[in-house]
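Start counting the sequence shown at 435; every next residue gets the next number (this note's numbering).
Glycine is no exception: its CB is placed at the ideal position from the N, C-alpha and C atoms.
Just so it is clear, the structure is predicted and the values come from calculations on it, not from any experiment.
Everything below concerns the one structure shown next.
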Amino acid sequence: MNEPTTYRRQTAAVEVHTPTPLAPTVPLAPVQPGGVPGVASVVLPDGRVVTGYAVEPAKPDPAAHKPAVSRTAVNIALGGVGFLAVCGGLLLLATFIAALTALIHQLVILAAVLFGGWVIVLVISASGHGGGTTVNIRKAVIKRSHFHG
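Here it is as C-alpha coordinates:
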(Lines of atoms letter the chains of each structure in order from A; the text may use other names.)
(Lines give C-alpha, C1' and ligand atoms only; values in the text may rest on other atoms or scores of the structure.)
Protein backbone atom coordinates (compact mmCIF):
# COMPACT_ATOMS: atom_id res chain seq x y z
CA MET A 435 0.00 0.00 0.00
CA ASN A 436 2.84 2.36 0.72
CA GLU A 437 4.65 1.48 -2.43
CA PRO A 438 6.10 4.34 -4.44
CA THR A 439 4.31 5.13 -7.66
CA THR A 440 5.93 6.49 -10.73
CA TYR A 441 4.08 8.77 -13.01
CA ARG A 442 4.82 8.79 -16.67
CA ARG A 443 3.92 11.52 -18.95
CA GLN A 444 2.23 10.27 -22.02
CA THR A 445 2.38 12.43 -25.09
CA ALA A 446 -0.51 12.15 -27.47
CA ALA A 447 -0.40 12.99 -31.11
CA VAL A 448 -1.74 16.45 -31.87
CA GLU A 449 -4.53 16.62 -34.41
CA VAL A 450 -5.42 19.91 -36.06
CA HIS A 451 -8.93 20.30 -37.35
CA THR A 452 -9.67 22.93 -39.94
CA PRO A 453 -13.35 23.85 -40.22
CA THR A 454 -14.87 23.50 -43.64
CA PRO A 455 -17.50 26.02 -44.60
CA LEU A 456 -20.95 24.78 -45.60
CA ALA A 457 -22.45 25.72 -48.91
CA PRO A 458 -25.30 28.17 -48.29
CA THR A 459 -28.75 27.05 -49.39
CA VAL A 460 -30.10 30.62 -49.39
CA PRO A 461 -28.22 33.31 -51.28
CA LEU A 462 -26.48 35.59 -48.79
CA ALA A 463 -26.22 39.34 -48.99
CA PRO A 464 -22.96 40.55 -50.44
CA VAL A 465 -20.28 40.94 -47.78
CA GLN A 466 -17.80 43.76 -47.88
CA PRO A 467 -14.20 42.64 -48.29
CA GLY A 468 -12.49 42.30 -44.96
CA GLY A 469 -15.82 42.09 -43.12
CA VAL A 470 -15.42 38.44 -42.12
CA PRO A 471 -12.08 37.60 -40.52
CA GLY A 472 -10.12 34.55 -41.62
CA VAL A 473 -9.61 31.47 -39.44
CA ALA A 474 -6.18 31.38 -37.81
CA SER A 475 -4.34 28.61 -35.96
CA VAL A 476 -1.65 29.20 -33.36
CA VAL A 477 0.77 26.54 -32.11
CA LEU A 478 1.56 27.00 -28.42
CA PRO A 479 5.02 26.20 -26.99
CA ASP A 480 3.75 23.01 -25.35
CA GLY A 481 2.53 21.68 -28.70
CA ARG A 482 -1.18 22.46 -28.47
CA VAL A 483 -2.86 24.17 -31.40
CA VAL A 484 -5.49 26.84 -30.88
CA THR A 485 -7.78 27.66 -33.80
CA GLY A 486 -10.03 30.71 -33.94
CA TYR A 487 -10.89 33.92 -35.65
CA ALA A 488 -8.37 36.72 -35.64
CA VAL A 489 -9.83 39.83 -34.06
CA GLU A 490 -8.45 43.18 -35.07
CA PRO A 491 -8.14 45.79 -32.33
CA ALA A 492 -10.89 48.41 -32.32
CA LYS A 493 -9.85 51.55 -34.14
CA PRO A 494 -11.08 54.89 -32.76
CA ASP A 495 -13.63 56.77 -34.81
CA PRO A 496 -11.83 59.46 -36.82
CA ALA A 497 -14.60 61.98 -36.05
CA ALA A 498 -14.10 61.59 -32.29
CA HIS A 499 -10.80 63.46 -32.09
CA LYS A 500 -10.07 65.55 -29.02
CA PRO A 501 -10.78 69.25 -29.48
CA ALA A 502 -7.85 71.66 -29.39
CA VAL A 503 -9.18 73.26 -26.18
CA SER A 504 -10.59 71.22 -23.33
CA ARG A 505 -14.21 71.69 -22.27
CA THR A 506 -13.08 72.47 -18.72
CA ALA A 507 -10.99 75.40 -19.92
CA VAL A 508 -13.92 76.74 -21.95
CA ASN A 509 -16.24 76.45 -18.93
CA ILE A 510 -13.77 78.28 -16.68
CA ALA A 511 -13.37 81.07 -19.25
CA LEU A 512 -17.14 81.46 -19.62
CA GLY A 513 -17.49 81.56 -15.84
CA GLY A 514 -14.90 84.34 -15.67
CA VAL A 515 -16.73 86.38 -18.32
CA GLY A 516 -20.00 85.94 -16.41
CA PHE A 517 -18.33 86.95 -13.15
CA LEU A 518 -16.97 90.14 -14.75
CA ALA A 519 -20.43 90.99 -16.08
CA VAL A 520 -21.95 90.51 -12.63
CA CYS A 521 -19.23 92.65 -11.01
CA GLY A 522 -19.95 95.48 -13.44
CA GLY A 523 -23.66 95.24 -12.69
CA LEU A 524 -22.99 95.25 -8.95
CA LEU A 525 -20.81 98.34 -9.34
CA LEU A 526 -23.63 100.13 -11.16
CA LEU A 527 -26.11 98.95 -8.53
CA ALA A 528 -23.92 100.32 -5.72
CA THR A 529 -23.65 103.67 -7.54
CA PHE A 530 -27.43 103.79 -8.00
CA ILE A 531 -28.03 103.04 -4.30
CA ALA A 532 -25.57 105.79 -3.27
CA ALA A 533 -27.31 108.33 -5.54
CA LEU A 534 -30.74 107.33 -4.24
CA THR A 535 -29.53 107.68 -0.64
CA ALA A 536 -28.18 111.19 -1.38
CA LEU A 537 -31.52 112.17 -2.97
CA ILE A 538 -33.50 110.95 0.05
CA HIS A 539 -31.10 112.78 2.37
CA GLN A 540 -31.60 116.05 0.47
CA LEU A 541 -35.40 115.60 0.48
CA VAL A 542 -35.38 115.12 4.27
CA ILE A 543 -33.30 118.29 4.71
CA LEU A 544 -35.66 120.21 2.40
CA ALA A 545 -38.70 118.99 4.38
CA ALA A 546 -37.04 120.04 7.65
CA VAL A 547 -36.23 123.50 6.29
CA LEU A 548 -39.78 124.00 4.97
CA PHE A 549 -41.37 122.76 8.21
CA GLY A 550 -39.03 124.92 10.29
CA GLY A 551 -39.83 127.96 8.13
CA TRP A 552 -43.56 127.34 8.54
CA VAL A 553 -43.15 127.14 12.35
CA ILE A 554 -41.12 130.38 12.38
CA VAL A 555 -43.78 132.18 10.32
CA LEU A 556 -46.46 131.05 12.80
CA VAL A 557 -44.44 132.27 15.77
CA ILE A 558 -43.64 135.62 14.21
CA SER A 559 -47.24 136.24 13.11
CA ALA A 560 -48.59 135.31 16.56
CA SER A 561 -46.25 137.75 18.35
CA GLY A 562 -47.90 140.73 16.65
CA HIS A 563 -50.95 140.51 19.00
CA GLY A 564 -49.01 141.18 22.16
CA GLY A 565 -47.99 137.73 23.04
CA GLY A 566 -50.91 136.21 24.95
CA THR A 567 -54.38 136.63 26.51
CA THR A 568 -55.37 140.04 27.78
CA VAL A 569 -57.41 140.15 31.03
CA ASN A 570 -59.17 143.30 32.12
CA ILE A 571 -58.89 143.19 35.90
CA ARG A 572 -60.74 146.46 36.55
CA LYS A 573 -64.07 144.78 36.03
CA ALA A 574 -63.21 141.94 38.38
CA VAL A 575 -65.05 141.66 41.65
CA ILE A 576 -63.11 140.52 44.68
CA LYS A 577 -65.40 138.99 47.31
CA ARG A 578 -64.17 137.11 50.37
CA SER A 579 -60.70 136.65 48.98
CA HIS A 580 -61.93 134.97 45.86
CA PHE A 581 -61.41 136.36 42.43
CA HIS A 582 -64.45 136.21 40.13
CA GLY A 583 -63.71 137.45 36.75
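Bridge partner(s) assigned by DSSP for residue i
i: Gly-486; result: Ala-474
Own chain, CB closer than 7 Å to residue i, minus 5 neighbours either side, in chain order
i: Lys-493; result: none
Proximity of residue i and residue j at Cβ, strictly below 8 Å
i: Val-476; j: Val-448; result: no
i: Thr-454; j: Val-473; result: no
Residue i versus residue j: straight-line alpha-carbon distance, rounded
i: Leu-655; j: Ala-532; result: With the chain covering only 435 through 583, there is no way to say anything about residue 655.
i: Phe-549; j: Val-542; result: 10 Å
i: Thr-529; j: Ile-558; result: 44 Å
i: Val-612; j: Phe-517; result: For the chain, the structure presents residues 435 to 583; residue 612 sits outside this window and is missing.
i: Val-450; j: Gly-481; result: 11 Å
i: Val-555; j: Leu-537; result: 27 Å
i: Ala-545; j: Trp-552; result: 11 Å
i: Ile-408; j: Val-520; result: No information on residue 408 is available, as it lies outside the stretch 435 to 583 that the chain covers here.
I want to know whether the region 475-490 touches the region 523-535 - three or more CB-CB distances under 8 Å. Touching, no, given that fewer than three Cβ pairs across the two stretches are closer than 8 Å.
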